[in-house]
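Protein chains in written order, with the working numbering: chain A, 648 to 946; chain B, 52 to 341.
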């Protein structure tokens, strides 16, 4: 195979030509580097611009939002948009609900997935294949697919419009069990045997030795789960008909109903309230969060 | 002691299995059961109608459009997301600080609530004062109606989905590229293999499990798109963005045709089920790559 690209051409031209070629090569690589940097900046722009635009709109007056071509910097930042957005509904209540529900789900998931994944990884028992099959089927069923029967079920249990109704269906996680089982499997047997020789109780071994060893996976899963439920719009929308258990995303989406279509400045202020904490947390712990989400794609 | 030893694993998996059975396994069967009845949610009796709901659904033009909307949305979203993110991954697969920032930037929409993204993009796509019309205006294009016109509404939703999904896909691809052993690249460069040949003969086959994974995950996700539609278009204009989950939601919660909505749910379950089976078949075939 003959190399065509300039970088690896094995020619041995004489003096003058050689320097000319070298110069050309330098220029080409300079232009390529320039294009590359420009492309990277464009990428950042495509993803950052909407957020900057959101922030800019959130500080405008209503007439300022209706200027075309748009202006990026509002003349007199209208901070009261945030107060207006906050007052369109019981936002403190929504916030409390979001915290209660996301945190409860996380705690319950930890309590259910750690023992289950440990048992699947470390014990042989009759029916384990079938029971793990149940986990796998659950892993494959998106909950947007079965919301209707679950709604009827929760309605029969009198759990609609309650926190419990938004928590219980997610009290365990098939994805978490799947992830954690892999991690428990990778721990060497010798460690376990040594602990058993010390006559330590099995639950102590699990809590004191095994769980700390899978801590990175647990942190990964916790981030994944918390963000997913904090952001969830579908489930609280479908399972609530009044304000009792509604969460932040529902509140933000409702601003439009309260303020009317077209009040983009108030809407974007509400949006900043919802997005900013997550974005800040993301850029502070970017590497961990990315790992949390990409993990299931690779392992 | 020995009895406890035998029972211990069961007691450890029981809480999780009970939750799954109650909220995932049982509802599937319940939905299949409901799909064979005519029921309005309040009436004390359910009338058995057999497969009539399915027959009605499939012969109804509105539902057929819903199916074709969902399929078109899925095909476009999956192709664009997977294809573009593969290209981005090949480009951005570098370790330095600047590339890290770019990776972070394209990933950021993934962790943001779909509510925020939908509201933000509704505003960006505003036909009168939206930023997007300004941007395309810079390139000399006339203002578009985006979500407000049936000819552009579905593709507008695809754009939002690609924008949200591309970062995650790219990073999964990058992780896949990095799991390819370095000596394979070295061997290729020693052989003076051309970049294109290296890509098609080496990288693509090594990456194929990742590609399958992403295509299936994206497909399953796209088939159940709901949030963007509920917030940005409500299925309109003229039914042009009505998709399966939104349809089920409307028929269940607005028109109270539980049996009908359940039948649509069973059809969606069927589609997702087939995709899952295909995925696992491909997964079991991929063993020889590793």
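Glycine residues also receive a C-beta, built at the ideal position from the N, C-alpha and C atoms.
- Flagged as an interface residue toward chain B: residue 785/A, by a C-beta distance shorter than 9 angstroms.
- Looking at 68/B, 262/B, 315/B, 118/B, the one whose alpha-carbon comes closest to that of residue 781/A is 68/B.
- Taking CB atoms only, residue 933/A has a neighbour in chain B less than 9 angstroms away.
- Residue 767/A carries a helical assignment under DSSP once its states are collapsed to helix, strand and coil.
- Counting only Cβ-Cβ distances below 8 angstroms, residue 791/A has contacts in chain B at 275, 277, 296, in chain order.
- Within the region 715 to 746 of chain A, the complete alpha helix (DSSP H) segments at least 4 residues long are 727 to 733, listed from N- to C-terminus.
- If you check the CB distance, residue 326/B and residue 267/B come in under 9 angstroms.
- Inclusion of residue 124/B and residue 213/B in the CB contact set at 9 angstroms is not warranted, their separation being larger than that value.
- In this structure, the CA atom of residue 162/B is about 10 angstroms from the CA atom of residue 168/B.
- Taking C-alpha positions only, residue 191/B is separated from residue 695/A by approximately 23 angstroms.
- Inclusion of residue 146/B and residue 930/A in the CB contact set at 9 angstroms is not warranted, their separation being larger than that value.
- For secondary structure counted as the alpha helix (DSSP H) over 4 or more consecutive residues, the region 190 to 242 of chain B holds these complete runs in sequence order: 204 to 229, 233 to 241.
- Within the region 64 to 75 of chain B, the residues whose Cβ lies closer than 9 angstroms to some Cβ of chain A are 64, 65, 66, 67, 68, 69, 70, 71, 72, 73, 74, 75, listed in chain order.
- Within the same chain, and ignoring the five residues on either side of residue 749/A in sequence, the residues whose Cβ sits closer than 6 angstroms to its Cβ are 873, 876, 877.
- Looking at the DSSP output, residue 89/B shares a beta bridge with 98/B.
- Of all C-beta pairs linking the region 764 to 773 of chain A to the region 814 to 831 of chain A, three or more are shorter than 8 angstroms, placing the two stretches in contact.
- In terms of beta-carbon proximity, residue 819/A lines the interface with chain B, with at least one pair separated by less than 9 angstroms.
- Straight-line spacing of the CA atoms in residue 265/B and residue 246/B works out to 24 angstroms.
- When C-alpha distances from residue 744/A are compared across 937/A, 812/A, 912/A, 856/A, the shortest belongs to 812/A.
- Here residue 90/B is buried: its Cβ has 16 or more other Cβ atoms, across all protein chains shown, within 10 Å.
- Nearest in C-alpha terms to residue 716/A, of all of 129/B, 183/B, 88/B, is 183/B.
- Taking C-beta separations shorter than 6 angstroms and ignoring five residues to either side along the sequence, residue 775/A has no partners in its chain.
- The three-state secondary structure of residue 713/A, taken from DSSP, is coil.
- Residue environment: residue 853/A is assigned as buried (16 or more neighbouring CB atoms within 10 Å of its CB, all protein chains considered).
- For residue 139/B, the uninterrupted alpha helix (DSSP H) segment begins and ends at 112 to 143.
- Between residue 866/A and chain B, the shortest Cβ-Cβ separation is not below 9 angstroms.
- Across the structure, residue 135/B and residue 802/A are spaced so that their CA atoms are roughly 44 angstroms apart.
- Your pair residue 735/A and residue 905/A checks out as a contact, with CB atoms roughly 4 angstroms apart and the cut at 8 angstroms.
- As the crow flies, the alpha-carbon of residue 712/A is around 25 angstroms from that of residue 895/A.
- Take the alpha-carbon of residue 680/A and the one of residue 770/A: they are about 56 angstroms apart.
- Around residue 830/A, the same chain offers 861, 864 as residues with beta carbons nearer than 7 angstroms, after the five sequence neighbours per side are excluded.
- Closest in C-alpha terms to residue 937/A, from the list 223/B, 105/B, 287/B, 286/B, comes 223/B.
- For the C-beta of residue 882/A, not a single chain B residue is nearer than 7 angstroms; the gap to the nearest is close to 11 angstroms.
- Annotated three-state conformation of residue 924/A is helix, per DSSP.
- Pairing residue 791/A with residue 226/B, the inter-Cα distance amounts to about 29 angstroms.
- From the listed residues 301/B, 75/B, 53/B, 94/B, the smallest Cα separation to residue 817/A is found for 75/B.
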